[in-house]
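Numbering (our numbering) for the sequence shown: 22 to 456. Everything below concerns the one structure shown next.
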Amino acid sequence: MFFLYSILLTVGFVVLLPRFLFRRKYAAGLRQRFGKLPAFEADGRPVLWLHCVSVGETNAARPLVKELKENFPDYVLVVSTTTLTGQTLAKKVFADDAALVFYFPFDWKFTVRRALRHIKPHVVVLMETELWFNFIREANKSGAKVFIVNGRLSEKSVRRYGLIPKTMRRVLHHVDLALMQTSADMKRLLGLGSRGTKVRVTGNVKFDQTFDETESDLTKELRTRFDFSTDAPLIVAASTHAPEEKWILQAFGETRKNSKTNPPRLLIAPRHPERFAEVEELIKANGFDWAKRSAETSESDKNAAVILLDSIGELRAVYPLSEIVFVGGSLIPHGGQSVLEPAIAEKAVVTGFYTANFNEIVKEFLAQNALVQLPKLAAKDVPAKLAAALSDLLNDAEKRGKLAKNAFAVMKRNRGATAKTIEYIKTILLPDGKI
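Written out as structure tokens, the structure is:
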């Protein structure tokens with residue numbers, strides 16, 4: 022099965038080769054993806070390899086990295102990502118912590134082995150549940166301890182992995198410790214063949230996120246440039262996917278008409294950078310006065326009704342400036358993006374119906390009256406329903422404030438996963454690098 026898996030990877034690579042050659046999103050770090058990594062200095066110290074897929078996992082890893090550095094000071098930290106956006110953010114936020122930030126290798130045996138020979142990891146920490154068959158097996162066989170941290174496993178993934186039960190048991194045999202977000206995630210992993218002694222529930226480390234000083238400085242910079250204030254309440258449309266921007270712009274137009282106070286402003290942050298130009302054209306077509314982050318600073322920025330955040334890694338710094346945050350990927354069957362970052366900033370959160378990616382979290386927020394979720398809607402009804410939800414919150418400061426406080430309270434109540442994670446890791450590793 023491992024051989025067949027490698028064959029399928031090869032077929033997939035050949036099919037996608039034009040993208041790797043001609044699109045920056047895929048071509049970035051191609052040499053590194055083949056295991057040819059830059060030099061770094063370990064100076065004989067043990068190496069801890071942390072893998073974060075993209076932006077979400079990188080942000081989630083920030084409190085964990087801080088604790089790893091404090092509790093295992095003799096380790097050299099290196100960080101890998103899969104996506105270009107994750108790589109850009111990781112180089113920025115882990116600049117002072119990681120000896121090397123690089124792209125994760127393709128999961129062929131030869132590329133994985135090449136990367137492992139270069140890094141020589143003592144420990145591998147995989148954020149969420151990145152079950153790369155060859156990497157996990159080869160890392161463990163090389164002598165590294167393999168941890169899954171902040172693990173989650175959807176029903177969809179379980180059904181897919183369940184088609185190859187023997188292979189999954191073999192892969193999971195090479196995982197030394199799996200620290201899962203919920204008991205449901207733990208049961209799913211156990212159902213795939215992981216041993217009970219290797220699986221624990223720690224909660225979600227994303228609840229432990231905070232805003233750092235660098236982000237506070239960026240928040241001040243953005244407030245000054247665009248003249249954000251409560252006099253013209255800001256709605257943030259975060260991590261949006263097509264065609265959500267079209268609906269959001271229509272809803273925003275209606276919301277401005279129905280506003281009982283000063284007309285609100287809108288900031289749109291598309292999830293994928295390759296869509297920045299597309300969303301820019303949508304904004305232009307809707308006739309709003311607009312500005313974009315990447316342009317030269319202009320006096321007109323202060324009066325723009327719509328701002329396009331066409332940058333990577335700055336969305337968290339925008340949340341403190343907002344009154345309402347709509348979390349994207351939720352008006353379409355994508356599964357939604359995380360509601361936790363705006364909740365940290367103590368803001369009112371609105372989502373669409375499709376939130377399967379964060380099902381347990383959204384359930385808790387709803388139970389605590391900590392967010393507004395739209396029902397399942399036909400495409401033609403989305404703009405009007407979204408406009409009604411936004412207008413309701415804009416015109417009711419008390420309701421908006423209560424939602425925000427409840428969201429922050431949920432965050433506070435669920436903190437502690439990072440500390441639990443460190444304690445479990447300590448049962449296997451010692452601070453001086455010994456097992």
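Cβ coordinates follow ideal geometry from the N, Cα and C atoms, glycine included.
> Going by Cα to Cα distance, which pick from Gly356, Lys401, Asn307 and Ala428 is closest to Ile345?
Replying inline: To locate residue 345, count along the sequence shown from 1; it is residue 324. Taking Ile345 as reference, the option from Gly356, Lys401, Asn307 and Ala428 with the minimal CA-CA separation is Ala428.
> Grouping DSSP H, G and I as helix and E and B as strand, with all else coil, what is Val167?
Replying inline: Sequence index remark: in the sequence shown, residue 167 carries index 146 (1-based). Correct three-state label for Val167: strand.
>> If contact is defined by three or more beta carbon pairs under 8 Å, each pair taking one atom from either stretch, is the stretch 266–275 in contact with the stretch 245–253?
In response: Three or more beta-carbon pairs separated by less than 8 Å are not found between the stretch 245–253 and the stretch 266–275, which leaves the two stretches without contact.
>> Just to check my reading of the structure: Glu62 and Ala120 have Cβ atoms closer than 8 Å, yes? What is that Cβ distance to the nearest angstrom?
In response: Position 41 of the sequence shown holds residue 62. Position 99 of the sequence shown holds residue 120. About 7 Å separates the beta carbons of Glu62 and Ala120, which is inside the 8 Å limit, making them a contact pair.
> Quick one: what does DSSP say Val69 is sitting in, helix, strand or coil?
Replying inline: Here residue 69 refers to the residue found at position 48 when the sequence shown is read from its first residue. One detail in the question is off: residue 69 reads as Leu in this sequence, not Val. Leu69 falls in the strand class under three-state DSSP.
>> Rounding to the nearest angstrom, what Cα-Cα distance links Gly224 and Met432 in this structure?
In response: As a first step, residue 224 is located in the sequence shown; it is residue number 203 there, counting from the start. As a first step, residue 432 is located in the sequence shown; it is residue number 411 there, counting from the start. About 12 Å.
> Quick one, are the C-beta atoms of Glu149 and Ile443 less than 8 Å apart?
Replying inline: Taking the first residue of the sequence shown as position 1, residue 149 is located at position 128. Taking the first residue of the sequence shown as position 1, residue 443 is located at position 422. Ile443 is positioned such that its CB atom lies no closer than 8 Å to that of Glu149.
>> Check this for me: beta carbons of Leu147 and His72, under 8 Å apart or not?
In response: The residue you call residue 147 lines up with position 126 of the sequence shown. The residue you call residue 72 lines up with position 51 of the sequence shown. For Leu147 and His72, yes; Cβs fall inside 8 Å.
> Would you report the Cα separation of Phe93 and Phe232, rounded to the nearest angstrom?
Replying inline: Numbered from 1 along the sequence shown, position 72 holds the residue referred to as residue 93. Numbered from 1 along the sequence shown, position 211 holds the residue referred to as residue 232. In this structure, the CA atom of Phe93 is about 23 Å from the CA atom of Phe232.
> Where does Leu361 land, buried or exposed, given buried means 16+ other C-beta within 10 angstroms?
Replying inline: Taking the first residue of the sequence shown as position 1, residue 361 is located at position 340. Per the 10 Å Cβ criterion, buried.
> Hey, Ser343 and Leu255 are a contact pair by Cβ (cut 8 Å); roughly how many whole angstroms apart?
Replying inline: Working through the sequence shown from its first residue, we reach residue 343 at position 322. Working through the sequence shown from its first residue, we reach residue 255 at position 234. With a Cβ gap of about 5 Å, Ser343 and Leu255 count as contacting.
> Between the C-alpha atoms of Thr218 and Glu151, what's the straight-line distance to the nearest angstrom?
Replying inline: For the purposes of this step, residue 218 is identified with residue 197 of the sequence shown, where counting begins at 1. For the purposes of this step, residue 151 is identified with residue 130 of the sequence shown, where counting begins at 1. Looking at the two C-alpha atoms, the distance is approximately 20 Å.
> On the three-state DSSP scale, how would you describe Ile140?
Replying inline: For the purposes of this step, residue 140 is identified with residue 119 of the sequence shown, where counting begins at 1. Residue state, collapsed to three classes: helix.
>> On the criterion of 16 or more Cβ atoms from any shown chain inside 10 Å, does Asn155 qualify as buried, or is it exposed?
In response: Mapped onto the sequence shown, residue 155 falls at position 134. Counting Cβ neighbours within 10 Å, Asn155 comes out buried, since at least 16 surround it.
> Measuring CA to CA, which of Arg52, Thr102 and Lys323 is closest to Leu243?
Replying inline: The residue labelled residue 243 in the question sits at position 222 within the sequence shown. For Leu243, the nearest C-alpha among the options comes from Lys323.
>> Out of Val170, Asp402 and Val99, which one is the CA nearest neighbour of Asp117?
In response: Against the sequence shown, residue 117 aligns to sequence position 96. The residue with the shortest Cα to Cα distance from Asp117 is Val99.
> How would you write the range of the alpha helix (DSSP H) that Lys278 sits in, first residue to last?
Replying inline: The sequence position of residue 278 within the sequence shown is 257, counting from 1. First-last of the alpha helix (DSSP H) with Lys278: Glu265 to Asn279.
> Exposed or buried, Leu25, counting other C-beta atoms within 10 Å across all chains shown (16 or more means buried)?
Replying inline: Position 4 of the sequence shown, counted from the first residue, corresponds to residue 25. Exposed, because fewer than 16 other Cβ atoms sit within 10 Å of the Cβ of Leu25.
> Who are the near neighbours of Lys441 in its chain, counting only those whose CB is closer than 7 Å to its CB and skipping five residues on each side?
Replying inline: Along the sequence shown, one-based indexing puts residue 441 at 420. Excluding residues up to 5 positions away in sequence, Thr223 and Gly224 lie with their Cβ nearer than 7 Å to the Cβ of Lys441 in the same chain.
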